[in-house]
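Enquirer: Please read through the structure below; I'll follow up with questions.
Quick look at the structure:
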């Protein structure tokens, strides 16, 4: 947003125009040195390939308000599994920056209405968190995650990170999670990562992680006085992440009923080719 244009949201075309201007002088004429032309052309190609697409994740004009995503009593689910991982990171990083900025400005009484006014705390759950703050790498969503985890609580911005591979999660991000719910972990790298970052849980309890059964978990952190082992009740809603029972699927595929059904579905349709007119004997057509 430019100075004096607080309500103007720049689009992809505005950004592209500004990048393209870097090739020219003040009079929109080629400087002739050619020093940065190839770099600018490469940047323009990246912008076009990312944003100038019919199936792109960003729209040049339609804007999604934070109040439509975050509202008391509402659970908003963003299904990102069908898009590229880099696009997932851009979306998560952008939304977290927007909601964090809105809460900071609201708590500090810098705004009383508009896009950056969010007068209630929010909580965000991020599945497959190691994609958005990977260990040993920095992506567009890493820094804002670190910022919110370290400072967001005083502004009413909470984050819950969910991952099956804590060893692949950035250690600074993992260490900022103040309460942990740990389920069965078998991988030695993940076990070692949890042992180093989870404060308060003794080695004896952490040693039980590989032996936990389905639904059992160790809860530790500031949300509970002492680490405990508990059993999580079955969910009430339908679960779509259950692994298929491969042996049962194979047996069902080779069963006689399934084979008969496939034969019926794949049977060719034979159309009569005779042009002979049917004969009629009395009221009976042959």
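Residue numbers (my numbering): 24 to 309.
Heads up, the beta-carbon is just placed ideally off N, CA and C, and yes, glycines get one too.
It should be emphasised that the depicted structure is a prediction, and the values quoted were computed from it without experimental measurement.
Quick one: what does DSSP say residue 148 is sitting in, helix, strand or coil?
Expert: Residue 148 falls in the strand class under three-state DSSP.
Enquirer: Give every residue of the same chain whose Cβ lies closer than 7 Å to the Cβ of residue 111, excluding the five residues on either side of it in the sequence, and list them in chain order.
Expert: Once the five neighbours on either side are set aside, the close Cβ partners of residue 111 are 103 and 154.
Enquirer: Does DSSP put residue 244 in a helix, a strand or coil?
Expert: Three-state result, residue 244: strand.
Enquirer: Return the residue from the list 227, 242, 206 and 125 that minimises the CA-CA distance to residue 137.
Expert: Out of 227, 242, 206 and 125, 125 has the C-alpha closest to the C-alpha of residue 137.
Enquirer: If you count every other CB in all the chains shown that lies within 10 Å of the CB of residue 259, and 16 or more means buried, which is it?
Expert: Looking at its Cβ environment, which holds fewer than 16 other Cβ atoms inside 10 Å, residue 259 is exposed.
Enquirer: Which residues does DSSP pair with residue 157 in a beta bridge?
Expert: Looking at the DSSP assignment, residue 157 forms a beta bridge with 192.
Enquirer: Could you check what DSSP says for residue 252 in three-state terms: helix, strand or coil?
Expert: DSSP places residue 252 in strand when its eight states are reduced to three.
Enquirer: Cutting at 8 Å between CB atoms, please list the residues of its own chain near residue 90, excluding the five before and the five after it.
Expert: Only 141 meet the Cβ criterion.
Enquirer: Of the residues 123, 202, 208 and 285, which one's Cα is nearest the Cα of residue 166?
Expert: With distances taken between Cα atoms, residue 166 lies closest to 123.
Enquirer: Would you check if the distance between the CB atom of residue 245 and the CB atom of residue 252 is smaller than 8 Å?
Expert: Contact flag unset, no.
Enquirer: Determine whether the beta carbon atoms of residue 115 and residue 62 lie at a separation below 8 Å.
Expert: No, Cβ-Cβ distance for residue 115 and residue 62 is not below 8 Å.
Enquirer: To which residues of the same chain is residue 175 closer than 8 Å at the C-beta, ignoring the five residues directly before and after it?
Expert: Same-chain partners within the cutoff: 123, 126, 181 and 182.
Enquirer: Using only alpha-carbon positions, find the residue among 94, 129, 43 and 106 that is nearest to residue 146.
Expert: Looking at the Cα atoms, 94 is the closest of the given residues.
Enquirer: State buried or exposed for residue 196, treating a residue as buried only when at least 16 other CB atoms are found within 10 Å of its CB.
Expert: With 16 or more other Cβ atoms within 10 Å, it is buried.
Enquirer: State the DSSP-derived secondary structure class of residue 183, mapped to helix, strand or coil.
Expert: The answer is strand: DSSP assigns residue 183 an E or B state.
Enquirer: Find the nearest neighbour of residue 98 within the set 190, 204, 281 and 149, judged by alpha-carbon distance.
Expert: Here the closest residue by C-alpha is 149.
Enquirer: In chain order, what residues of the same chain lie with their CB nearer than 8 Å to the CB of residue 199, ignoring the 5 residues before and after it?
Expert: Excluding positions up to five away in sequence, the list reads 169, 172 and 173.
Enquirer: What residue range is occupied by the uninterrupted alpha helix (DSSP H) comprising residue 171?
Expert: Per DSSP, residue 171 belongs to the alpha helix (DSSP H) from 165-174.
Enquirer: Would you mind sorting residue 256 into buried or exposed? The rule is 16 or more other CB atoms within 10 Å of its CB.
Expert: Exposed, since its Cβ has fewer than 16 Cβ neighbours within 10 Å.
Enquirer: Going by DSSP, which residues form a beta bridge with residue 239?
Expert: According to DSSP, which records beta bridges pairwise, residue 239 is partnered with 254.
Enquirer: When DSSP labels each residue in this structure, what does residue 90 get in the three-state scheme?
Expert: Three-state DSSP puts residue 90 in a helix.
Enquirer: How close, in whole Å, do the beta carbons of residue 87 and residue 38 come, if the pair is a contact with beta carbons under 8 Å?
Expert: Incorrect: roughly 18 Å between the Cβ atoms, too far for contact.
Enquirer: For residue 275, collect the residues of the same chain with a Cβ closer than 7 Å to its Cβ; drop the 5 residues on either side in sequence, then sort them by chain order.
Expert: Same-chain partners within the cutoff: 281.
Enquirer: For the beta strand (DSSP E) that contains residue 204, what are its first and last residues?
Expert: From DSSP, the beta strand (DSSP E) with residue 204 extends over 202-205.
Enquirer: Can you tell which of 202, 213, 247 and 131 has its C-alpha closest to the C-alpha of residue 179?
Expert: Closest option to residue 179, Cα to Cα, is 131.
Enquirer: Would a C-beta distance cut-off of 8 Å place residue 232 and residue 254 closer than the cut-off?
Expert: No, Cβ-Cβ distance for residue 232 and residue 254 is not below 8 Å.
Enquirer: Which one of 184, 193, 113 and 293 has the shortest CA to CA distance from residue 160?
Expert: Ranking 184, 193, 113 and 293 by Cα distance to residue 160 puts 193 first.
Enquirer: In terms of residue numbering, what span does the alpha helix (DSSP H) encompassing residue 110 cover?
Expert: 108-130 is the span of the alpha helix (DSSP H), which, as asked, contains residue 110.
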